[in-house]
Structure formats: structure tokens, C-alpha cells
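S.K.: First residue of the sequence shown? That's 372 in the numbering used here, and the numbers climb one at a time after it. Where a beta carbon is used, it is the ideal one built from N, C-alpha and C, also for glycine.
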Amino acid sequence: MRRGDNISYTDWQEVHVQKYTIQQGFGPVHRAAAAALYWRSFRGKLGKLMGPDARALAYFEIAMDPSYVFCAIGADDTLLGLAGFKTGNGSLTGGALRDMTGAYGWVGGTWRALFLSFLEREVQPGVLLMDGICVSPAARSQGVGTALLSAVKEHARHSGLNSVRLDVIDRNPRARALYEREGFVATGRVRTGLLEPVFGFRAATTMERSVG
Numbered sequence: 372m373r374r375g376d377n378i379s380y381t382d383w384q385e386v387h388v389q390k391y392t393i394q395q396g397f398g399p400v401h402r403a404a405a406a407a408l409y410w411r412s413f414r415g416k417l418g419k420l421m422g423p424d425a426r427a428l429a430y431f432e433i434a435m436d437p438s439y440v441f442c443a444i445g446a447d448d449t450l451l452g453l454a455g456f457k458t459g460n461g462s463l464t465g466g467a468l469r470d471m472t473g474a475y476g477w478v479g480g481t482w483r484a485l486f487l488s489f490l491e492r493e494v495q496p497g498v499l500l501m502d503g504i505c506v507s508p509a510a511r512s513q514g515v516g517t518a519l520l521s522a523v524k525e526h527a528r529h530s531g532l533n534s535v536r537l538d539v540i541d542r543n544p545r546a547r548a549l550y551e552r553e554g555f556v557a558t559g560r561v562r563t564g565l566l567e568p569v570f571g572f573r574a575a576t577t578m579e580r581s582v583g
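1. Taking the CB atoms as reference points, tell me whether Val535 and Arg469 lie closer together than 7 Å.
2. State the DSSP-derived secondary structure class of Ala406, mapped to helix, strand or coil.
3. Could you name the residues that DSSP lists as bridge partners for Glu579?
4. To the nearest whole angstrom, what separates the beta carbons of Tyr391 and Ala446, a pair I think is in contact under 8 Å?
5. Opposite Gln395 in the DSSP bridges: which residues?
6. Measure the alpha-carbon distance for Ala574 versus Phe413 and round it to whole angstroms.
7. Identify whether Leu463 lies in helix, strand or coil by the three-state DSSP scheme.
8. Taking the alpha carbon of Phe486 as the point to measure from, which residue in Gly418, Ala407, Gln394 and Val556 has its own alpha carbon closest?
9. Where does Arg483 land, buried or exposed, given buried means 16+ other C-beta within 10 angstroms?
10. Straight-line CA distance for Arg511 to Phe441?
11. Where do the ends of the alpha helix (DSSP H) carrying Phe431 lie?
12. When you compare only the Cα positions, how much space is there between Gly466 and Gly497?
13. Check whether the Cβ atoms of Ala404 and Leu450 lie closer than 7 Å to each other.
14. Taking the beta strand (DSSP E) that Leu450 falls in, what are its first and last residues?
15. Quick check on DSSP: helix, strand or coil for Gly480?
16. Among Val400, Ala429 and Asp538, whose alpha-carbon lies nearest the alpha-carbon of Arg562?
17. Put Asp502 into one of helix, strand or coil per three-state DSSP.
18. Can you give the beta carbon distance from Leu532 to Val582, rounded, assuming they're within the 8 Å contact cut?
19. Based on DSSP bridge pairs, tell me the residues matched to Arg562.
20. Where does the unbroken alpha helix (DSSP H) through Gln510 begin, and where does it stop?
21. Could you give the distance in angstroms between the alpha-carbon of Ile393 and the alpha-carbon of Ser521?
Right under this line is the structure:
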């Protein structure tokens, strides 16, 4: 997908890239795989808060909204990667309190939702927020992450937005290197402070990339 391509993204529209397809949204057949891939990728960031594994998987499988994600689907219909985003209308993993309590119970869901609110980022005018990007280990070094980022940037551009913003934790240099190669620049840094033992990371860097 090159700048200037006349692509209007809608649910299930597909753009073929080598041995996989980039599409917006996913169907029921990929819901469990999407939850497992997301949790595997972000367990290092959210494991202490969202564990144990079985409950975290249950939550993400319920809460994920396919309206806010681009997926890379292999030729054998395997989910190879996904890139979520957030708008003023919703996000890939936003969920609701009922989703959290459904997976963790009323007490466990309530205190987890309270701590997760610390990580929430407000949507700003003209900016598309990323809500996580992850690639299956079997599909790395095949350009999947780059293709997903390109789809997100193109979606932001076609939506009339000016830039894409994301956060990357200090324990994920591989992801930061990808973002820098794709033109993202650091614009700020947020520390977890006293909540570091809860989240398992010390700080996150905010990065932004113009799509105008």
C-alpha cells in the first residue's frame, strides 16, 4: 500500500501483500486466535494485572471489537498479526466493565478496571491512537508488522486525520525499532511510578507519526 493509493477501507476489504492478506476486521473463526495472539504479545506488559492466563484470554475474547483492527491473514487462513486502533467511538480492547467482571468476577474485574484506567489515553482531534500491534512468532521478519502499520496509517489518512500515535514500553526495544523505521518519533514519556510492581514496566514512550 503506497501513499496515494485510492483505497477506501471497510470491514472485510482485502489488500493482498505477498503470502498474506491485510484486512480490516475479523470474523468469529479468528476471535479466539486474536485474543491469544494479543495476550501472548502483551503478557509482559499486562501479565501481573490481567493474569491468570485463562481469565485474560476469556476477557479479550469477549471484549475485542473487530471494527477497530487490521489483521494479517495467511494463505491457510491463519491469523498472522493484528494492529488495533482507538477512536472516539471505540477501540479494539476497550471492552466494558461487564466484560471485565464476566471474566474475573465482580471484585476482580472492578479493581482491574480501576488500574487499567491509569493506562487509558484520551483521543485527541486529528490523531488516531494505536491499540496494540502484534505479529505471530512464525510470521516475523516477513514484513507483516510493516504492512499492518501501513494499513493503520492509510486508514488514518483516509479518515482525514493528521497523525498516528502509540505508546511503547521500555522493555520492548524491538517494537520501538520498528516504529522508528516507519517514521515514528518520540514525543513524550510516561512513568508508572509507584504502580510499577502492578504493571511490570517502569515507563512508556509516546511516539507519533504524521500521515498528512
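M.R.: In short:
1. The residue labelled residue 535 in the question sits at position 164 within the sequence shown. The residue labelled residue 469 in the question sits at position 98 within the sequence shown. Against a cut-off of 7 Å, the Cβ pair of Arg469 and Val535 comes out as no contact.
2. Reading the sequence shown from its first residue, position 35 is the one you call residue 406. Reduced to three states, the DSSP call for Ala406 is helix.
3. Within the sequence shown, numbered from 1, the residue matching residue 579 stands at position 208. DSSP output for Glu579 lists Arg536 and Val556 as bridge partner(s).
4. The count along the sequence shown starts at 1 and reaches residue 391 at position 20. The count along the sequence shown starts at 1 and reaches residue 446 at position 75. Right, the Cβ-Cβ distance comes to about 7 Å (below 8 Å), so this counts as a contact.
5. Taking the sequence shown and counting its residues from 1, one reaches residue 395 at position 24. Paired residues: Phe441.
6. Working through the sequence shown from its first residue, we reach residue 574 at position 203. Working through the sequence shown from its first residue, we reach residue 413 at position 42. Taking the straight line joining both Cα atoms gives about 15 Å.
7. Taking the first residue of the sequence shown as position 1, residue 463 is located at position 92. Of the three classes helix, strand and coil, the one that applies to Leu463 here is coil, per DSSP.
8. Indexing the sequence shown from 1 puts residue 486 at position 115. Looking only at Gly418, Ala407, Gln394 and Val556, the smallest Cα-Cα distance to Phe486 is reached by Gly418.
9. Here residue 483 refers to the residue found at position 112 of the sequence shown. The residue in question, Arg483, is buried, as its Cβ has 16 or more Cβ neighbours within 10 Å.
10. Position 140 of the sequence shown, counted from the start, is the residue given in the question as residue 511. Position 70 of the sequence shown, counted from the start, is the residue given in the question as residue 441. Here the alpha carbons of Phe441 and Arg511 stand approximately 17 Å from one another.
11. Locating residue 431 in the sequence shown gives position 60, counting from the first residue. Taken as a continuous stretch (DSSP letters only), the alpha helix (DSSP H) holding Phe431 covers Asp424 to Ala434.
12. Locating residue 466 in the sequence shown gives position 95, counting from the first residue. Locating residue 497 in the sequence shown gives position 126, counting from the first residue. Taking the straight line from one Cα to the other gives about 23 Å.
13. Here residue 404 refers to the residue found at position 33 when the sequence shown is read from its first residue. Here residue 450 refers to the residue found at position 79 when the sequence shown is read from its first residue. Contact: yes.
14. Working through the sequence shown from its first residue, we reach residue 450 at position 79. Where Leu450 is concerned, the enclosing beta strand (DSSP E) starts and stops at Leu450 to Thr458.
15. Within the sequence shown, numbered from 1, the residue matching residue 480 stands at position 109. Reduced to three states, the DSSP call for Gly480 is helix.
16. One-based indexing of the sequence shown puts residue 562 at position 191. Of Val400, Ala429 and Asp538, the residue nearest in Cα terms is Asp538.
17. Here residue 502 corresponds to residue number 131 of the sequence shown, with the count starting at 1. Annotated three-state conformation of Asp502 is strand, per DSSP.
18. Counting from one through the sequence shown, the residue named residue 532 turns up at place 161. Counting from one through the sequence shown, the residue named residue 582 turns up at place 211. Between Leu532 and Val582, the beta carbon gap of about 7 Å places them in contact (Cβ cut-off 8 Å).
19. Translated into positions along the sequence shown, residue 562 becomes position 191. Here Arg562 is bridged, per DSSP, to Ala574.
20. Position 139 of the sequence shown, counted from the first residue, corresponds to residue 510. Going by the sequence as given, residue 510 is Ala instead of Gln. Element bounds for Ala510: n/a, residue is neither H nor E.
21. Against the sequence shown, residue 393 aligns to sequence position 22. Against the sequence shown, residue 521 aligns to sequence position 150. A direct Cα-Cα distance of roughly 10 Å separates Ile393 from Ser521.
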